[in-house]
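Chains as they are written, first to last, in the working numbering: chain A, 1 to 388; chain B, 1001 to 1388.
Idealized CB from N, CA, C, for every residue including glycine.
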DNA sequence: CTTCAACAAGTAAGCGCTTACACGAGGTTC
DNA sequence: GAACCTCGTGTAAGCGCTTACTTGTTGAAG
């Protein structure tokens, strides 16, 4: 029997049941599309629901079914190093993260999941707590690069399934990232062999970003093995931001250093800064110095010169991340040992996870040759530049 | 007494209680920072929590405390009208929405809330259902402009507190928007009086967007009252997108129409398209035609010519929206009749809600005069343009 | 006309927390 | 030293759903 009386509180399943003259079980069944209830019953319930404007409570549902239908997404909030205003709205940087989130969301919606987003500030002291709170509110977590230490990652992974983007992975944490090594090697080859540059440099991103490490190492190694010189080290340590790129170039120039013939940046954002600093000193790109990026954010082809870069399937990364997470959620919790690695978009299948390693999805990337490396301008993207 | 046995499932409050040798009530108390538990007890509990890696379940908490500590944010997903590629990544448009969300999130975090985001496609047929589902998962909802019909809005508002952005409001729905009328009138005056233009036009946004209506009417009325001509109507009906702006201008030119001396656009995005189309035909801005926008998105000052526009405090809109929603959540559900209207950022206090009307916050905007209206270039933003 | 499968609908036991209330052990107060 | 607070804890009743299990009906089979 019903125990609650109808108040002016939001209606519950009891109110619906009473109104329709059935038990709450029946209401629940039509709510969940079970086919038991006979049409007549179903209609009465549906009618009651409509009349009452009833909406089932997500929390109660979650508690009872042990599924919240919510996945958390945590990413880093960037407070651009304010370089005096020009890059104050480095918020454009967020495009990258937001784009990934969009990818996650699209797929999530298909599965009936919603996104609980949370941007964090790395130097926040209570970060682990914050993330744990989020974890308690969802069925699984997708963490962007650089939001948690490996240890922290492992800790969260003990609570809910976790997928890490462009990050470490392992230890119950699945990883989704895009190919970096091959494309950076290809880039090095392009610069050295096709353009004949002999003196290169790589401006790094955050030193603790796995992706950054791979990019730098692949690029430098390949360049050197082709007989070119490749500058790296502290003087070339950036931080994925445009401001960082500006600083490095300014510093070098003010020291009177001879710039390399080509500078490969850890990401487009950094390249933007480099372009800026170079222009500031009247240097021509690619005439005096060639510059390349990584990511292929929308603005890359609106720059002048258009930026040569490596395209990442940004949105796909998000989509894949959700797929993986979802399978972790529906199967048992921990990152399955099924080394189901691969993936295409270009049809490629990159095998790389050693058998029975944690899930590690690697998406293909592609070198986009535009003007900044010294290639001829792309006739397909002209007029925009007239106004930008 | 404990009823559950420790399995390998995620630990619950019962496991913690058993381990610490206390009752679940005590665990709950330390979890919630009550000061009852004496230090010794608290420590035992804390220790147990740490050892077990316990994280309280959000759903259970929500169910029990009747507060989920989650607010939903619904906004429109834009699939840019693909104009052949140039504006394919009109995703940049999303910057506007994402920026607002960022504002919401920052404040939400301060109150211990997280954001459940959901982007929707207007022509989605199950939209109302989707939104209701979201509503069931949170304590309140913030709806961006153009995601729901007034009727739909009212329906959701009966379930959870709702704040609508730049939208309708009323009927239990609070609204937060930014001032449009005054700034558009000021813009009209600037164009007519300061620059002496006599023939103007206003390219509208979505016809059903309240903001758009106000902008257009204010602009036209003011312009006309100053003796200038102002073209409006079907030929000038845009849709807030760059592609829309392009189309209109192309159409007009192909018809051999004489363009007005100045074109005010409903938003920056549209202005971008207009600039593009004008450049396409070799017309000079502001020499041949002056163009203005609305929003002041980051790219506005990176364009050439720099775009004269009206700045909206985008992030503040989000922040205010959350504040309002939060007060609705903590007080009674419905949008309080307290006409607490106002707000500054510039210190201004705009009074406008008729007494006992629904909450309606209006944030101040500001006309930003740059080159595209005919004003001299701003010497403060130069060098960037060398590379963009 | 009985027997029993098949199925619709109801009953009730949780899901993992919060919290009103009850309890018992000190510490005051007269 | 009885009566009365105070306080730290424990007990147990939900919060609003889902779902295993049970009951009641109906109709086909024998």
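Problem - N-terminal and C-terminal residue of the beta strand (DSSP E) that residue 366 of chain A is part of - result: Counting along the chain, the beta strand (DSSP E) containing residue 366 of chain A begins and ends at 366 to 368.
Problem - Closer than 7 Å at the beta carbon, the chain B residues around residue 159 of chain A - result: Residues of chain B with a Cβ closer than 7 Å to the Cβ of residue 159 of chain A are, in chain order, 1010, 1053, 1055.
Exercise for the section: State the Cα-Cα distance for the pair residue 1255 of chain B and residue 1150 of chain B, rounded to the nearest angstrom. Expected result: The straight-line gap from Cα to Cα measures roughly 38 Å.
Problem - Nearest neighbour of residue 1218 of chain B, chosen from B:1305, B:1199, B:1266 [CA to CA] - result: Among B:1305, B:1199, B:1266, the Cα nearest to that of residue 1218 of chain B is on B:1266.
Exercise for the section: Express the C-alpha separation of residue 143 of chain A and residue 433 of chain A in angstroms, rounding to a whole number. Expected result: With chain A covering 1 to 388 only, the question about residue 433 of chain A has no answer from this structure.
Practice task
For residue 1047 of chain B, decide whether its Cβ has a neighbour in chain A, counting only Cβ atoms nearer than 7 Å.
Solution key: Taking 7 Å as the threshold, the shortest C-beta distance from residue 1047 of chain B to chain A does not fall below it.
Problem - Cβ-Cβ separation, residue 1228 of chain B to residue 1192 of chain B (assumed contact under 8 Å), whole Å - result: By a beta-carbon distance limit of 8 Å, residue 1192 of chain B contacts residue 1228 of chain B. Their separation comes to about 5 Å.
Problem - Within-7 Å CB hit, residue 132 of chain A to chain B - result: Yes, its Cβ sits closer than 7 Å to a Cβ of chain B.
Exercise for the section: Starting from residue 1263 of chain B, follow the beta strand (DSSP E) in both directions and report where the run begins and ends. Expected result: Unbroken beta strand (DSSP E) run through residue 1263 of chain B: 1262 to 1265.
Practice task
Note the first and the last residue of the continuous beta strand (DSSP E) segment covering residue 153 of chain A.
Solution key: That residue, residue 153 of chain A, is in no beta strand (DSSP E); its alpha helix (DSSP H) goes 150 to 157.
Problem - Those runs of the alpha helix (DSSP H) which lie wholly inside the region 1090 to 1131 of chain B and span at least 4 residues - result: Counting whole runs of 4 or more residues, the region 1090 to 1131 of chain B contains the alpha helix (DSSP H) stretches 1094 to 1110.
Problem - Reduced DSSP secondary structure (H/G/I, E/B, other) of residue 179 of chain A - result: Correct three-state label for residue 179 of chain A: coil.
Exercise for the section: Please classify residue 360 of chain A: does DSSP put it in a helix, a strand, or coil? Expected result: For residue 360 of chain A, the three-state secondary structure derived from DSSP is strand.
Practice task
Report the three-state DSSP secondary structure of residue 268 of chain A (helix, strand or coil).
Solution key: Judged by DSSP in its simplified three-state form, residue 268 of chain A adopts helix.
Exercise for the section: Pick helix, strand or coil for residue 1014 of chain B, following the three-state DSSP scheme. Expected result: Of the three classes helix, strand and coil, the one that applies to residue 1014 of chain B here is helix, per DSSP.
Practice task
Return yes when at least one heavy atom of the ligand SAM lies under 6 Å from the C-beta of residue 1021 of chain B, else no.
Solution key: Among the ligands in the structure shown, none appear at all, so the ligand SAM cannot be discussed.
Problem - Span of the alpha helix (DSSP H) around residue 1054 of chain B - result: The continuous stretches of alpha helix (DSSP H) do not include residue 1054 of chain B, and DSSP gives it neither H nor E.
Practice task
Grab the span of the alpha helix (DSSP H) containing residue 1218 of chain B for me, first residue to last.
Solution key: Annotation: the continuous alpha helix (DSSP H) that includes residue 1218 of chain B extends over 1210 to 1225.
Exercise for the section: Given a cut-off of 7 Å, decide if residue 172 of chain A and residue 145 of chain A are closer than it, judged by their beta-carbon atoms. Expected result: Contact: no.
Problem - Start-to-end residues for the beta strand (DSSP E) that takes in residue 164 of chain A - result: Element bounds for residue 164 of chain A: 162 to 165.
Problem - Backbone secondary structure at residue 133 of chain A - three-state DSSP - result: It is helical.
Problem - Straight-line Cα distance separating residue 306 of chain A from residue 223 of chain A - result: Approximately 23 Å between the Cα atoms of the pair.
Problem - Burial state of residue 258 of chain A (16 or more Cβ within 10 Å) - result: Per the 10 Å Cβ criterion, exposed.
Practice task
Taking 8 Å as the threshold, find out whether the region 42 to 53 of chain A comes into contact with the region 114 to 121 of chain A through three or more Cβ pairs.
Solution key: Contact between the region 42 to 53 of chain A and the region 114 to 121 of chain A is absent: fewer than three C-beta pairs spanning the two stretches fall below 8 Å.
Practice task
Tell me, please, whether the region 1287 to 1294 of chain B touches the region 1103 to 1111 of chain B by the rule of three or more beta-carbon pairs shorter than 8 Å.
Solution key: Cβ pair count under 8 Å is below three, so no.
Exercise for the section: Would you mind reading off the limits of the alpha helix (DSSP H) that contains residue 322 of chain A? Expected result: Looking at the DSSP string, the run of the alpha helix (DSSP H) that includes residue 322 of chain A is 314 to 330.
Practice task
List the residues of chain A whose Cβ lies closer than 9 Å to the Cβ of residue 1154 of chain B, in chain order.
Solution key: Under the 9 Å cutoff, chain A gives no residues; its nearest Cβ is about 10 Å from residue 1154 of chain B.
Handout entry: Boundaries of the alpha helix (DSSP H) in which residue 245 of chain A is found, first to last residue
Key = Residue 245 of chain A -> alpha helix (DSSP H) spans 242 to 254.
Handout entry: Of the listed residues B:1358, B:1322, B:1370, B:1359, nearest to residue 1112 of chain B (C-alpha basis)
Key = Minimum Cα distance to residue 1112 of chain B is reached at B:1322.
Problem - Residue range of the unbroken alpha helix (DSSP H) whose run includes residue 1067 of chain B - result: Where residue 1067 of chain B is concerned, there is no enclosing alpha helix (DSSP H), given that its DSSP letter is neither H nor E.
Handout entry: chain B residues whose Cβ lies nearer than 9 Å to that of residue 288 of chain A
Key = By Cβ distance, chain B contributes nothing, its closest Cβ being about 14 Å from residue 288 of chain A, past 9 Å.
Handout entry: residue 88 of chain A to residue 245 of chain A span [Cα, whole Å]
Key = Note that residue 88 of chain A scores 45 on pLDDT, short of 50, meaning its location in the model is unreliable; the coordinates nonetheless yield the value given after this. Computed Cα separation, rounded: 14 Å.
Exercise for the section: Kindly list the residues whose CB is nearer than 6 Å to the CB of residue 1140 of chain B, restricted to its own chain and excluding five residues on each side of it in sequence; keep chain order. Expected result: Taken in chain order, the residues that qualify are 1071, 1160, 1161, 1325, 1329.
Exercise for the section: Keeping to the same chain, check which residues put their C-beta closer than 6 Å to that of residue 1201 of chain B; ignore five residues upstream and five downstream. Expected result: Excluding its 5 nearest sequence neighbours in each direction, residue 1201 of chain B has C-beta neighbours in its own chain below 6 Å: 1231, 1236, 1260, 1263, listed in chain order.
Practice task
Mark residue 1026 of chain B as exposed unless 16 or more other C-beta atoms lie within 10 angstroms of its C-beta, in which case mark it buried.
Solution key: Residue 1026 of chain B is buried by the Cβ-count criterion.
Problem - Closest Cα partner of residue 133 of chain A within the set B:1370, B:1059, B:1360 - result: Among B:1370, B:1059, B:1360, the Cα nearest to that of residue 133 of chain A is on B:1059.
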